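Below: one structure, written as structure tokens.
Chains as they are written, first to last, in this note's numbering: chain A, 63 to 391; chain B, 12 to 306; chain C, 21 to 326.
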């Protein structure tokens, strides 16, 4: 990797603090990730492993109870955490866009499609109503919506689920962002439409040189869509690397377990719960490796000492004592 | 929208542990207790007979104002009756009417709500249509109409207010019963062969009683204001009984000449009682019954 | 859509039926209705006439039919006191009631909506607490007492406003405030909770993700959606106001429907009391129907969902 990464997260931690400060939930804990222009990165993990919090942290749109407590976020060389709120707002939707978990509810029922698709263009590029409207028609065309000239004038309830999903995608790419974050964007769609939408996203990514962060619990989708994969467990990235390497030679027992319970594209509901035991309580994590209580290969030191990220190869690392070089172990 | 958390076991009745008591509304509770105390011991505490006055001593101001004396601490009204004594006995009227009407409304509404929710079908349809229709009528107008038919008396007011306000219980309780019905412990009771009456009494009622208590507390304020309004209009507690609403009506006679105590003092009493009941009710609502939060 | 409206109309008719039945039964079951409908000191002949007119010698369902038929024809009986048809009296007073309700509504919305939004946007801050206090007082203070205190302060002590009657703009200020405070509190609470719900929605999240300025997120995306239930409630409340103004109108001697009801009570003029209650109840059933239908027309989601 020669060029500087598009997005670089360095030791990022985000905590939820309860009202009286008595409970601290480490939703994102010491995450270091790099993403290069045009690359697509899959983030997988069980529900509650911190995937969505990580995405919202990148956009600095966390709920009021959450705080980014430490770390750095560099985007195109700029420190996102150092930006004033107004500047950060101009990054959202323009340079980094995000597609939400529930596309069905993401559109405002009271405004026309054209209004909502053109809105970022008007806000970020100062376009007038008419020209934003024309751009919206073009965007709808590019997400393969038939007869966009009539569709722009319609309202969300007049669209099918798949169309709404593509409209949300159109909003995402409206200002030509460099990075698109998609948070489980297909969970509420049926299979055919899911596949169509994924294909669309991949095409858009290639045409426009977008970098893509794909948050999902579905390893099948990752295999199709992504160049690299990061596996999250209890707020930490436990293993990351090229998809092929992780699939062929997973280093972390958790990754191995995930691959063992790999759901096919067909069953959407299976949420990677085939691993024995419960996900840990993020407000009282064990001192050692968070996965140790469920790990079939846990050693005594796993319960007391948290493993650092060991480098296994170019761009491949894992937080597990099993991956430690012999000298360190 | 209320979210119903799916639980399989029968929910344990909520107990008031110390953690829950943290932001307990102490002052409102003390005010309510004080009013209750005064209401109970009005005979002993009141310095004068609340219904007898002398015209020679009418419109005396409270003691701290010029012309007032320690003889009549809070002054006298338009026929020379002691305001303090009337306020004390008025507390008794408000307490009795308020509590009794809330009890009548609560018993009737909870009963009909449980029956409607549990039995369902046409019973549910009939009860809920009636509830909706009665709910649509402004309570005060409806109460005035009833009072105009049956004539004013304390007992009638209690029955009228109970008859007007049961609908709110029925609505809420029915909704709760509908969700309780789906729970495992009710199914278990059905499988175990309990009769429907027994299930309603033994299994459903204990689980909706929290909501009924919360509603009753919130309702107390509404009922007291309505009673005062009815009395103020002359279709509530009949004079010369000392009710706060009646005192306000009488107070109008001195209002334009600035005898403020006849208007302000009974109103302050109503306000304190209603405000306290509402604050306590709000707290209970949050603590006892999270499902009622957006009520 | 048609099915939805047909069902709503059906419900309303059922409500009207239950309403008339309720009123009818209450009058019959509590003794001789002729005693209520006849003036104090009337002769035996008068009572006999009333009996015949109401058909009291006939079966109960026939009596009910006569009762409903006369209402449908607009015959609400004669007022003992005014010696005119109750309906005429009602229509004569209605404009005053509408005026009072309109001013009180304007006041309640002007206070309720902005403060509700502010409270939702600044949850838990000072504004939220101040709003809560305002709402709590509005919901706890009896409106007639608020009216009396207003008179005491602004008429008796300050001499700024007239204490009773109608005719000038100054006359409407105090009654509208006394009547509107309660509703301002109700509108504020609903605005706040509705706004909070909308602010948590996915489309507001997306609006923020688009990088819209916060003013646009709240003013455009959240506001319009949050306002739908508030406007619905306000529509119903306008009619409710006309019907609950009785104490406020009595305090300020405001010549509206409420005052008419009070006169009906004090003069033992039962046809007037009955007429006001019947029309009021019917009005509320109908406005509920109207709101349901308009709602379905405005909000396409309902149209499709049902």
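Using N, Cα and C, we set each Cβ at its ideal position, and we do this for glycine too.
Remember, it's a predicted structure, so these values are computed and weren't measured experimentally.
Pick helix, strand or coil for residue i, following the three-state DSSP scheme.
i                      : result
residue 118 of chain C : helix
residue 238 of chain B : helix
residue 67 of chain A  : coil
residue 378 of chain A : strand
residue 301 of chain A : strand
residue 140 of chain A : strand
residue 170 of chain A : coil
residue 248 of chain B : coil
residue 77 of chain A  : strand
residue 155 of chain B : helix
residue 133 of chain A : strand
residue 188 of chain C : coil
residue 105 of chain C : strand
residue 359 of chain A : coil
residue 270 of chain B : coil
residue 154 of chain A : strand
residue 290 of chain A : strand
residue 149 of chain C : helix
residue 17 of chain B  : In this predicted model, residue 17 of chain B has a pLDDT of only 31, less than 50, meaning its place in the structure is not dependable enough to derive any value.
residue 293 of chain B : helix
residue 243 of chain A : strand
residue 346 of chain A : coil
residue 71 of chain B  : coil
Do residue j and residue i count as a contact pair if the criterion is CB distance below 8 angstroms?
i                      : j                      : result
residue 139 of chain A : residue 71 of chain A  : no
residue 112 of chain B : residue 162 of chain C : no
residue 241 of chain B : residue 262 of chain B : no
residue 229 of chain C : residue 123 of chain A : yes
residue 120 of chain B : residue 176 of chain C : no
residue 98 of chain C  : residue 105 of chain C : yes
residue 304 of chain C : residue 245 of chain C : no
residue 301 of chain A : residue 311 of chain A : no
residue 194 of chain C : residue 167 of chain C : yes
residue 260 of chain A : residue 286 of chain A : yes
residue 298 of chain A : residue 381 of chain A : yes
residue 255 of chain A : residue 224 of chain A : yes
residue 108 of chain B : residue 252 of chain B : no
residue 105 of chain A : residue 119 of chain A : no
residue 150 of chain B : residue 180 of chain B : no
residue 184 of chain C : residue 272 of chain C : yes
residue 88 of chain A  : residue 291 of chain A : no
Once you ignore the five residues that flank residue i on each side, which residues in its own chain have a CB closer than 6 angstroms to its CB?
i                      : result
residue 138 of chain C : 147
residue 182 of chain A : 155, 236 and 237
residue 328 of chain A : Unreliable positioning characterises residue 328 of chain A in this predicted model, as indicated by a pLDDT of 45, which lies under 50. A coordinate reading is not provided.
residue 258 of chain C : 121 and 125
residue 92 of chain B  : 64
residue 165 of chain A : 226, 227 and 230
residue 269 of chain C : 276, 278 and 279
residue 135 of chain C : 151 and 208
Quick one: what's residue i bridged to in DSSP?
i                      : result
residue 96 of chain B  : Answer is none; residue 96 of chain B lacks a bridge partner.
residue 110 of chain C : Per DSSP, none; premise fails for residue 110 of chain C.
residue 405 of chain A : This structure cannot speak to residue 405 of chain A, because chain A is shown only from 63 to 391.
residue 96 of chain A  : A:70
Contact defined as beta carbons within less than 8 angstroms: I believe residue i pairs with residue j. What is the distance between those atoms, to the nearest angstrom?
i                      : j                      : result
residue 180 of chain A : residue 194 of chain A : 3 angstroms
residue 260 of chain B : residue 245 of chain B : 7 angstroms
residue 348 of chain A : residue 365 of chain A : 6 angstroms
residue 67 of chain A  : residue 97 of chain A  : 6 angstroms
residue 315 of chain C : residue 252 of chain C : 6 angstroms
residue 254 of chain C : residue 209 of chain C : 13 angstroms between Cβ atoms; not a contact.
residue 74 of chain B  : residue 84 of chain B  : 5 angstroms
residue 185 of chain B : residue 116 of chain B : 15 angstroms between Cβ atoms; not a contact.
Grab me the residues of residue i's own chain with a C-beta within less than 8 angstroms of its C-beta, minus the 5 sequence neighbours each way, in chain order.
i                      : result
residue 224 of chain C : 218, 237, 241 and 242
residue 91 of chain C  : 40 and 298
Using C-beta distances below 7 angstroms, list every residue in its chain close to residue i, excluding the 5 sequence neighbours before and after it, in chain order.
i                      : result
residue 285 of chain B : 232, 235 and 236
residue 326 of chain A : In this prediction, residue 326 of chain A has a pLDDT of 45, which is less than 50 and means its spatial position is unreliable; what the coordinates show is noted afterwards. Contacts found: 282.
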